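If you count by our numbering, then the sequence shown holds residues 3 to 507, one letter each, in order. Each residue gets a CB set at the ideal place from its N, CA and C atoms; glycine is no exception. Keep in mind it's a predicted model, so treat the numbers as computed, not measured. Structure record follows, encoded as structure tokens.
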Amino acid sequence: MAFSSSSAPPKDQYVRLKSEDLASPLIPSEMPYGTETVRWPNGQVTVLPTVMRDGRNVLERDAKRVRQMAALPISSETSSRIDHIHATGLQDRDLRDQVAATLREGRCAVVYREMEPGPEKLTLQYLHDQFGISDRLCSLHDMARRAEDWTHPHRDGTIGRLLDGVGYPDEQLCALDIPLPAFTVPSPFQYVYFMIENNAKHIHLVRTLDHAAVYAWGETTHEYSLKDTRPHPDAFLNRSWGLLHQAGIYTAPHHDSNGHITFVKIVSGMKMWGIYDLEDTSVSRDEAADIFYGLCDIDTDLSQVPRGLVAEVAVLHAGDMLFMPPGKFHEVYTPLVTFAIGGHFLSYHTMHLSEWSCYLDQLHGSLFTNQEQQDALLVLRRMVVAIPRLSHCKLYHRAVVALCTMVLNPDQYISQRASEGEDMLHRSGKGGKKMKSRKAVKTTSSKNNLDSKRCIDMADEIANRVLKALKLDNPRAASVLDDQPYDEVGDEVELGEELAEFQVY
């Protein structure tokens with residue numbers, strides 16, 4: 003589906019970008035002699051992942067995956083699974099509402115020309131001046147090491163070393179999760195202020211995509227103080243990050259953890275996302291888990307899209323932005339030196355997708371996701387506590403049932419990764435431990451998410467009251483989530499009168 007405007011960038015600009023030879027300028031300055039190339043369906047030619055050792059490409063497994071990815075169709079404006087939105091000429095409110103509607107219905111949104119592109123050649127001075135990134139010590143991912151041992155690809159290094167390494171054709175490095183705590187969902191997606199007239203009165207409203215930041219924290223922190231509690235730092239410091247990649251780096255299929263929406267904005271360079279969706283969104287949860295297990299197992303041959311899935315590739319250049327709803331499985335290829343900023347957030351409108359995502363991770367989290375955040379339950383509880391005061395935020399039936407269910411039954415959503423530790427992650431030749439049991443993982447759900455007892459008790463009370471207002475007990479709530487397509491958000495619901503007693507300060 004496409005959203006466009008009369009002032010969208012001219013089509014010949016995109017044709018020029020798509021037909022560009024992106025490989026030749028990199029060999030041998032950034033990639034070694036012997037690097038092979040691949041042509042994508044849109045005409046672009048890129049390098050394949052390559053690190054040569056004794057005349058052999060030790061990244062041949064990654065190169066094979068990229069060849070397979072390059073056989074997928076390129077997403078176009080006729081896609082029913084990825085919405086293509088041209089930001090130029092759209093009002094902030096309209097842009098924000100289109101992205102919100104896309105995410106609510108379980109689709110990705112690509113926003114073209116959301117920002118002015120950064121410089122083609124990255125420097126430390128630019129990263130420092132624009133993003134506060136100094137020549138800091140960080141954990142670098144070494145692709146040659148990853149080829150030897152999938153579970154231990156890390157080496158210590160600095161941002162400057164990574165940038166200098168662009169000119170070393172015998173290595174491929176990237177830095178993931180460069181902390182950017184001062185950044186959040188960018189404007190206009192964080193806040194959109196506008197005015198409406200109601201009974202001859204001017205009412206000023208604010209709309210946001212990031213409901214956790216605006217409501218969960220904004221509405222509850224004064225009344226439910228964090229004093230004498232130990233919330234995990236992820237709740238405040240891990241919401242935004244930078245990604246810095248050298249050319250030719252592939253990331254295997256996964257989805258992002260804890261039911262978060264993910265946004266990524268390309269500052270410089272380009273990225274290609276292979277987006278995977280269920281062919282039939284009404285399959286059972288267990289069937290969906292098995293289908294995605296086949297996708298994420300590193301030994302799976304992806305020369306054909308796995309049974310039950312459909313896939314397409316979204317191509318983003320500098321200035322473009324991607325939003326992915328919770329639970330969206332994807333692989334990524336970075337054919338050029340690229341810097342991007344991104345982050346995670348939660349929305350009341352996508353809680354049905356968050357619940358589904360967390361359920362899948364309870365079964366196979368050590369394989370399905372690339373990182374485990376430690377703030378999820380803390381934030382979900384506060385989102386529930388804020389519900390009675392959401393005078394201008396819509397709620398949807400399956401989404402609010404999912405949120406209340408997660409808060410009332412937290413032990414059913416403990417990720418396999420969190421319960422088993424990091425040693426299970428992507429074991430070469432095994433792809434992680436496959437759990438056949440569908441029983442919940444029983445562990446202490448609040449160990450790393452301590453909040454005040456008063457807030458925890460209030461979240462449980464309000465969640466139970468919401469389900470009661472919707473005429474649901476626990477079994478019926480589970481049926482609402484299990485027996486409908488996972489991406490069905492449900493009808494809009496009004497809960498004001500039912501929760502009136504909780505609106506008193």
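Exercise. Express the C-alpha separation of Q100 and A461 in angstroms, rounding to a whole number.
Key: 31 angstroms
Self-check item: Burial state of K2, where buried means 16 or more other Cβ atoms lie within 10 Å
Solution: This structure cannot settle anything about residue 2, because the visible part of the chain is limited to 3 through 507.
Quiz prompt | Residue interval of the alpha helix (DSSP H) (run including F133) | solution = F133 -> alpha helix (DSSP H) spans L126 to F133.
Exercise. Can you have a look at K330 and say buried or exposed, based on whether 16 or more other CB atoms are within 10 angstroms of its CB?
Key: Classification for K330: buried.
Quiz item: Taking one C-beta from the segment 89 to 100 and one from the segment 330 to 339 each time, how about it: are there three or more such pairs within less than 8 angstroms?
Solution: no
Quiz prompt | Bridge-paired residues (DSSP) for S270 | solution = F341
Quiz item: Quick one, are the C-beta atoms of H354 and A313 less than 8 angstroms apart?
Solution: no
Quiz item: Using CA coordinates, which residue listed in C406, I343, K267 and S417 is at the minimum distance from P183?
Solution: I343
Exercise. Could you check if S136 is buried or exposed, using at least 16 other CB atoms within 10 Å of its CB as the buried criterion?
Key: Exposed: under 16 other Cβ atoms inside 10 Å.
Quiz item: Looking at C360 and M408, is the spacing between their C-beta atoms short of 8 angstroms?
Solution: yes
Exercise. Have a look at the DSSP bridge pairing and note the partners of A111.
Key: D85 and F325
Exercise. Specify the secondary structure class of Y398 as computed by DSSP and reduced to three states.
Key: strand
Exercise. Grab me the residues of T104's own chain with a C-beta within less than 6 angstroms of its C-beta, minus the 5 sequence neighbours each way, in chain order.
Key: Correct list, in chain order: D85 and A111.
Quiz prompt | Three-state secondary structure assigned by DSSP to A72 | solution = Residue state for A72 is assigned as coil, using DSSP reduced to three classes.
Quiz item: The alpha helix (DSSP H) spanning D288 covers which residue range?
Solution: R287 to C298
Exercise. May I have the straight-line CA-CA distance separating C140 from T340, to the nearest angstrom?
Key: 17 angstroms
Quiz prompt | Beta-bridge pairing of Y316 - partner residues as DSSP gives them | solution = Tyr is not the amino acid found at residue 316; the sequence shown has Ala there. According to DSSP, which records beta bridges pairwise, A316 is partnered with W275.
Exercise. Can you check the segment 160 to 195 for any beta strand (DSSP E) of at least 3 residues that lies completely inside it and give the ranges in chain order?
Key: 175 to 181
Exercise. Please name the residue in R232, V266 and A254 whose C-alpha comes closest to that of L245.
Key: With respect to the C-alpha of L245, the residue from R232, V266 and A254 having the closest C-alpha is V266.
Exercise. Rounded to whole angstroms, what's the CA-CA distance from T39 to S356? Just pull it up for me.
Key: 38 angstroms
Quiz item: Is it buried or exposed for A502, if we count other Cβ within 10 angstroms and need 16 for buried?
Solution: A502 is exposed by the Cβ-count criterion.
Exercise. Check each candidate in G296, S286 and I268 and name the one with the smallest Cα separation from Y278.
Key: Y278 has its Cα closest to that of G296, out of G296, S286 and I268.
Quiz item: Counting Cβ pairs closer than 8 angstroms, one from the segment 63 to 77 and one from the segment 37 to 51, do we hit at least three?
Solution: With a cut-off of 8 angstroms, the segment 37 to 51 and the segment 63 to 77 count as touching, because enough Cβ pairs lie within range.
Self-check item: Proximity winner among L61, H130, D459 and S417, relative to Q174 (alpha-carbon distances)
Solution: L61
Quiz item: What is the rounded straight-line gap between the Cα of I293 and the Cα of D363?
Solution: 13 angstroms
Quiz prompt | Between the CA atoms of K396 and E494 - distance to the nearest angstrom | solution = 7 angstroms
Quiz item: Are the CB atoms of A218 and F347 nearer to each other than 8 angstroms?
Solution: No, the pair does not count as a contact, with Cβ atoms beyond the cut-off.
Self-check item: Beta bridge counterpart(s) of W243 as assigned by DSSP
Solution: P181 and G344
Quiz item: Rounded to whole angstroms, how far is the Cβ of I263 from the Cβ of T352, which I believe are closer than 8 angstroms?
Solution: Cβ-Cβ separation between I263 and T352: approximately 6 angstroms, consistent with a contact (criterion under 8 angstroms).
Quiz item: Per DSSP, what kind of secondary structure is R157 in: helix, strand or coil?
Solution: strand
Self-check item: Beta-carbon contacts of P34 that lie in its chain and below 8 angstroms, excluding the five residues immediately before and after
Solution: T52, V53, M54, P171 and D172
Quiz item: Taking buried to mean at least 16 other C-beta atoms within 10 Å of its own C-beta, is S284 buried or exposed?
Solution: Exposed, since its Cβ has fewer than 16 Cβ neighbours within 10 Å.
Quiz item: Can you list, in chain order, the residues of its chain whose CB lies under 8 angstroms from that of P487, leaving out five sequence neighbours each side?
Solution: T283 and S284
Quiz item: Out of curiosity, what's the CA-to-CA distance linking A512 and F370?
Solution: What the structure shows of the chain is the stretch from 3 to 507, and residue 512 is not part of that stretch, so it cannot be assessed.
Quiz prompt | Simplified DSSP assignment, three categories, for A249 | solution = coil
Self-check item: Where E496 falls: helix, strand or coil (DSSP)
Solution: When DSSP states are grouped into helix, strand and coil, E496 belongs to the coil group.
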